[in-house]
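Here the sequence shown is numbered in my numbering, starting from 90 and rising by one per residue.
Notes to accompany the following structure.
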Amino acid sequence: MHNAHLLGLLIAALAVTALARRLNWSAPLLLVAVGMVVSFLPGVPPFELHPELVLTVVLPPLLYSAALDSSYLSLKAAVRPIVGLGVVLVVVTAFAVGYVVHLLMPGLPFAAALALGAVVAPPDAVTAAAIGRQLGLPRGLMTVLSGESLVNDAAALTVYKVAVAAVVGAGGSFARGVGVFGLATVVGIALGLVLGWAAHAVRMRLGDTSLESVFGLTVPFAAYLIAEELHGSGVLAVVAAGLVLGHLSPRASFATRLQAQTVWNTVNLLLETVVFALIGLQLRTVLDGLNASGVALNTVVGKALLVLLAVIVIRVVAVFVLGMLPRVPLIPQRRDRPSWRALLVISWTGMRGVVTLAAAAAIPLTTDSGAPFPGRETIALVAFVVTVGTLLVQGLTLPWLIRRLDVRDPGERGRDAEAEANAREAATAAAMARFDELVAPAAVQLPPEVAAKLSERLRAMERMRAKVAARRLEQTDDEDADGRAGAFTRLRRELLSTQREALVAERDAGRLDDEVMRRVLRELDLEEAALTSSWRSRL
Numbered sequence: 090m091h092n093a094h095l096l097g098l099l100i101a102a103l104a105v106t107a108l109a110r111r112l113n114w115s116a117p118l119l120l121v122a123v124g125m126v127v128s129f130l131p132g133v134p135p136f137e138l139h140p141e142l143v144l145t146v147v148l149p150p151l152l153y154s155a156a157l158d159s160s161y162l163s164l165k166a167a168v169r170p171i172v173g174l175g176v177v178l179v180v181v182t183a184f185a186v187g188y189v190v191h192l193l194m195p196g197l198p199f200a201a202a203l204a205l206g207a208v209v210a211p212p213d214a215v216t217a218a219a220i221g222r223q224l225g226l227p228r229g230l231m232t233v234l235s236g237e238s239l240v241n242d243a244a245a246l247t248v249y250k251v252a253v254a255a256v257v258g259a260g261g262s263f264a265r266g267v268g269v270f271g272l273a274t275v276v277g278i279a280l281g282l283v284l285g286w287a288a289h290a291v292r293m294r295l296g297d298t299s300l301e302s303v304f305g306l307t308v309p310f311a312a313y314l315i316a317e318e319l320h321g322s323g324v325l326a327v328v329a330a331g332l333v334l335g336h337l338s339p340r341a342s343f344a345t346r347l348q349a350q351t352v353w354n355t356v357n358l359l360l361e362t363v364v365f366a367l368i369g370l371q372l373r374t375v376l377d378g379l380n381a382s383g384v385a386l387n388t389v390v391g392k393a394l395l396v397l398l399a400v401i402v403i404r405v406v407a408v409f410v411l412g413m414l415p416r417v418p419l420i421p422q423r424r425d426r427p428s429w430r431a432l433l434v435i436s437w438t439g440m441r442g443v444v445t446l447a448a449a450a451a452i453p454l455t456t457d458s459g460a461p462f463p464g465r466e467t468i469a470l471v472a473f474v475v476t477v478g479t480l481l482v483q484g485l486t487l488p489w490l491i492r493r494l495d496v497r498d499p500g501e502r503g504r505d506a507e508a509e510a511n512a513r514e515a516a517t518a519a520a521m522a523r524f525d526e527l528v529a530p531a532a533v534q535l536p537p538e539v540a541a542k543l544s545e546r547l548r549a550m551e552r553m554r555a556k557v558a559a560r561r562l563e564q565t566d567d568e569d570a571d572g573r574a575g576a577f578t579r580l581r582r583e584l585l586s587t588q589r590e591a592l593v594a595e596r597d598a599g600r601l602d603d604e605v606m607r608r609v610l611r612e613l614d615l616e617e618a619a620l621t622s623s624w625r626s627r628l
């Protein structure tokens, strides 16, 4: 792929994304559809999907960004349904699809059929999560879907490696697969936790927002590559590091949080835009490979559609079975069984993504004996049909399904508002207690009359914080304006820091959800940024 082609792909993908946003359409689905059509236009070069590029360059930052925005406490509370969907269901899907493929294609060895099952097993929740947030799915459902997307790739890639090893002659068995997965899980999570804490320690000592942002960009790649070198799960290492840094983000500076959010939003938009465009563009490459192998297209497409149907049905059945188990509630913080409406929505969020196509492309050309890998081109076509089929069928109908079933929690907004109000009240009370210690004339080294004026203004700002955060102090000719400005800024920053600590305490005590905390925390960060800019422009 030439640089000019890559640049053209990026520009065209961004243009399609801009059009989709303007029309309020799903950008990923439109990118896939346009990519499929464009792949057959004269003069358009083939865009091959390089597995190493996807697994080492694209996947780590996407997983890391999702982990940063996730709630460690919420994921911990939902660990059973996440493991059920992200590990158990993935393994069940891999073996069930492998069995179906083996029945449809008797000439394909079961190990190769299992490799195909592992290829199509992990859903990509990027599209589902975006649709769910837009349509207001309950936070419990969103937590489960996000958690599933963070861990399912690790389980699927483990089964995939064992199955491919069995085909090529490197040895593979169920017992070996369990051992490999156990080792990869332990090493990956442990390494990710260590790197997360180490990265936080470094971040707190850099003291430069730009350097902190650049350093943050290296964390997911370092976690993935080091874990893979140690035979651990790079996926789990990235997720663990992201969860640690996201949980500790309130301890970083306000500028670090604001800039990191902007940086990762940009990175996500860029990667997701290119990824979904590449998915559509793979159609021509897959068909060319199939034609070169001599396999008739009409003999494979029908079987690929049956595999697509099996993938969808297996998830629906498995989700309802898991939802009926008393010890695996699929909606956290609920002891009763979830409604069939909620289960149906979860079961319909099984869209596959770029990891499926990358895994299919990573299948070796030959075995250790030099023989061609059995059914390699067929596996690539089936993976493409499943990926595009789930994106278009489930992705297009999921918004309608969510609206039709009305699974939104009407009381969630009210509970969030109450929790936010309580958190604000706790933060304000903590700030006022700290304020009484700071405004003593001896503490700020100002004349009593100046301290009294500062006290009056700061208390007013605490009562009307959202509206007057960046308001300038009025200057008079007989007052030391610079001294007042410096004292005001120091006091206000101290109060903001106290409020952040109170918010984190509410979060850690389980009385405030991470999403609500981050919303209030962002207001405090923006206030400090406005305050700092305002006074910096005057001093």
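Glycine residues also receive a C-beta, built at the ideal position from the N, C-alpha and C atoms.
- Per DSSP, P461 lies in no alpha helix (DSSP H) and is assigned neither H nor E.
- With fewer than 16 other beta carbons inside 10 angstroms of its own, D297 counts as exposed.
- Cβ contact annotation for W353 (same chain, cutoff 7 Å, sequence separation greater than five): S154 and L157, in chain order.
- For the 8 Å CB-CB criterion, Y249 and A204 form a contact.
- R404 is a Cβ neighbour of L178, given a cutoff of 8 Å.
- Residue pairing by DSSP places T455 opposite P461 in a beta bridge.
- When DSSP states are grouped into helix, strand and coil, N113 belongs to the coil group.
- Within the same chain, V179, A183, A207, A210 and P211 come within 7 Å of A245 by CB-CB distance, once the 5 residues on both sides are set aside.
- Residues S302 and G305 of the same chain have their beta carbon placed closer than 7 Å to that of A349, with the five preceding and five following residues left out of the count.
- The Cβ neighbour count for E466, taken over all protein chains shown within 10 Å, is at least 16; the residue is labelled buried.
- Contact check for L613 against R589 passes: the beta carbons are separated by less than 8 Å.
- Contact between L99 and F136 is absent: CB atoms are separated by about 12 Å, not below the 8 Å threshold.
- Rounded to the nearest angstrom, the Cβ distance from V327 to L152 is 5 Å, consistent with a contact under 8 Å.
- Sequence-distant partners of A449 (beyond 5 residues in either direction) whose C-beta falls short of 7 Å from its own C-beta, in its chain, are V208, I468, A469 and A472.
- In this structure, L174 lies away from T362, with their beta-carbon atoms at least 8 Å apart.
- In the same chain as V181, and ignoring 5 residues on each side of it, the C-beta atoms closer than 8 Å to its own belong to I403 and A407, in chain order.
- Taking the Cα positions, H191 is about 7 Å away from P198.
- For L454, the number of other beta carbons within 10 angstroms of its own is below 16, and it is reported as exposed.
- Going by DSSP, V434 is part of the alpha helix (DSSP H) stretching over W429 to S436.
- Straight-line spacing of the CA atoms in Y313 and A102 works out to 27 Å.
- Taking a 10 Å sphere around the C-beta of F129, we find fewer than 16 other C-beta atoms and assign the residue as exposed.
- Assignment of V133 by DSSP, reduced to helix, strand and coil, places it in the coil class.
- Looking from the CA of L319, the closest CA among A279, A598, A122 and V474 belongs to A279.
- A direct Cα-to-Cα measurement between L230 and I435 gives close to 8 Å.
- Rounded to the nearest whole angstrom, the CA to CA distance from T355 to L490 is 30 Å.
- With contacts defined as CB atoms closer than 8 Å, V240 and V176 qualify as a contacting pair.
- Annotation: the continuous alpha helix (DSSP H) that includes T247 extends over R228 to V257.
- Around the beta carbon of H94, fewer than 16 other beta carbons sit within 10 angstroms, so the residue counts as exposed.
- A direct Cα-to-Cα measurement between V168 and V253 gives close to 30 Å.
- Judged by beta-carbon spacing, T479 lies within the 8 Å limit of V400, meaning their Cβ atoms are closer than that value.
- Residues of the same chain with a CB within less than 8 Å of the CB of V496, apart from the 5 flanking positions on each side, are L226, P227, L230, S428, R430, A431 and V434 in chain order.
- The Cβ atoms of S163 and D597 do not sit closer than 8 Å to each other.
- In this structure, T445 lies near V475, with their beta-carbon atoms less than 8 Å apart.
- Annotated three-state conformation of G271 is helix, per DSSP.
- For H336, the uninterrupted alpha helix (DSSP H) segment begins and ends at G323 to L337.
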